[in-house]
Amino acid sequence: MIMNNALNSLAGEPPARILLIKLRHHGDMLLTTPVINALHQGWPQAEIDVLLYEETRDMLAAHPFIHRIYGIDRKWRKLGTRQHLCKEWHLLKTLRQQKYSLVLNLADQWRSAIVTRFTGAPARIGFDFNKRRGWFWQHCHTQLASVTGHQALHTVEQNLSILAPLAIADCKSVTMGYLPDDWQAVQSRLQSKGVEGSFIVVQPTSRWFFKCWDESKMAQTITALQNDGHTLILTSGPDKNEKAMIEKIRSLCPPERIHSLAGELTLRQLAALIDHARLFIGVDSVPMHMAAALKTPCIALFGPSKLTFWSPWEVIGEVIWAGHYGELPDPDKIDTNTKERYLDAIPVDVVVAAARKQLL
90 MIMNNALNSL AGEPPARILL IKLRHHGDML LTTPVINALH QGWPQAEIDV LLYEETRDML
150 AAHPFIHRIY GIDRKWRKLG TRQHLCKEWH LLKTLRQQKY SLVLNLADQW RSAIVTRFTG
210 APARIGFDFN KRRGWFWQHC HTQLASVTGH QALHTVEQNL SILAPLAIAD CKSVTMGYLP
270 DDWQAVQSRL QSKGVEGSFI VVQPTSRWFF KCWDESKMAQ TITALQNDGH TLILTSGPDK
330 NEKAMIEKIR SLCPPERIHS LAGELTLRQL AALIDHARLF IGVDSVPMHM AAALKTPCIA
390 LFGPSKLTFW SPWEVIGEVI WAGHYGELPD PDKIDTNTKE RYLDAIPVDV VVAAARKQLL
């Protein structure tokens, strides 16, 4: 859908500065990297900035093609109305001062549209979302990219479709970056636990527990791999419930060759750990997407999430879907606070066999 097509100016003069906007969760941010990679491939001289939620910064902080990251800190709300508005206004002014040639708004929030418009960029592309049909959304963008067919596309492909009006080539690789210091910090932790040689990373937790597998089944899987002679590193987020799950799993396993780094690593340090692992085993979560991006062999346990949208992109390994072993509810109708464990239908022997296949 084309309104005021300001893209003709980009044909003769490549954009000097580009802003990419995405205001979502950690995994969503990782899956924007193909767009960043494609922009760099098409216009290697352009400076590419990103606007995101501050808590997701680590997902992109080490990306080599990003010039600068701007963050919206959701903690600003706690500062009181006056200070909150001052923070928001300062951000808007800062972005406008960058004089972007092109803004790509991957987000669907009204806030992202307002930011897009306020930058004053001559070319501003957003998506023609069904729920955003109307004058204001159109006014904030100079062009809207079609969302036709998005329901049948992976999130990576949905994101890349915003490039269609620009006629630059796709670059479909998802990339997760970290720094040498991140790996050095992880090495130090591993050495302190006496870990030497190869290891398997297991992340059994998600911030939504309905995406998790039964602790005893995970422990049985880990025990089988311990008995095969492998060393296992358990990881989780810093949440106390996630760390409690890790301790319960550990208590059900033999004490040999099993260690926990639960809640101890930054996201970039976790990426470094996964990158050096022989195998990653985990549920539908950010670390699963990181493992796929890092090309670490991966066993991903999936429940009632939309596989089409959220399966690990170009994964080396295997996705084991609970729907092959039992009935699953409609992903759009799940109570995210439920204590139901939809993955429990997955048999232990299937996961063990898949892991052993990757470890051959």
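In the numbering used here, the protein residues as written are 90 to 449. Even for Gly, the Cβ is constructed at its ideal location relative to N, Cα and C. Computed from a predicted structure; not experimentally measured.
- Message: Measuring alpha carbon to alpha carbon, tell me which residue in 156, 179, 218, 234 is nearest residue 212.
- Response: 234
- Message: Quick check: the Cα distance between residue 162 and residue 243, rounded to an integer number of angstroms?
- Response: 28 Å
- residue 315 versus 441, 220, 390, residue with shortest Cα-Cα distance: 441
- Look at residue 267 and residue 357 and say whether their C-beta atoms are less than 8 Å apart. yes
- Message: Going by DSSP, what residue range makes up the alpha helix (DSSP H) through residue 308?
- Response: 304 to 316
- Item | Straight-line gap, residue 130 to residue 260 (C-alpha atoms, nearest Å) | 8 Å
- Mind checking residue 203: buried by the 16 CB within 10 Å criterion, or exposed? exposed
- Task: Identify the continuous alpha helix (DSSP H) that holds residue 229 and give its terminal residues.
- Result: 224 to 229
- Coil, strand or helix - residue 107 by DSSP: strand
- Query: Roughly how many whole angstroms lie between the Cα atoms of residue 189 and residue 225?
  - Reply: 21 Å
- Message: Per DSSP, what are the beta-bridge partners of residue 421 in this structure?
- Response: Paired residues: none, contrary to the question.
- Message: Along the chain, where does the alpha helix (DSSP H) containing residue 271 start, and where does it finish?
- Response: 269 to 281
- Message: Checking 8 Å against the spacing of the C-beta atoms, do residue 444 and residue 368 come in under that value?
- Response: yes
- Spatial neighbours of residue 120 within its chain, please: CB distance less than 8 Å, with the 5 preceding and 5 following residues excluded, ordered by chain position. 244, 245, 248, 263, 378, 402
- 8 Å Cβ cutoff met for residue 346 and residue 362: no
- From 348, 352, 342, pick the residue whose C-alpha is nearest to that of residue 331; which is it? 352
- Counting along the chain, where does the beta strand (DSSP E) carrying residue 407 start and finish? 406 to 410
- Task: Find out if the Cβ-Cβ distance for the pair residue 140, residue 108 is shorter than 8 Å.
- Result: yes
- 4 or more residues per run - each alpha helix (DSSP H) lying fully within the region 326 to 358: 329 to 340
- Message: Please classify residue 143 as buried or exposed, where buried requires at least 16 neighbouring CB atoms within 10 angstroms.
- Response: exposed
- Message: Spatial neighbours of residue 205 within its chain, please: C-beta separation below 7 Å, excluding the five flanking residues on both sides.
- Response: 110, 192, 194, 213, 215, 229, 230
- Message: By the three-class DSSP mapping on this structure, what secondary structure does residue 210 have?
- Response: coil
- Start and end residues, alpha helix (DSSP H) containing residue 443: 437 to 448
- Task: Count the CB pairs spanning the region 406 to 418 and the region 383 to 396 that are closer than 8 Å, and state whether there are at least three.
- Result: yes
- Give the straight-line distance between the Cα atoms of residue 426 and residue 181, rounded to the nearest whole angstrom. 35 Å
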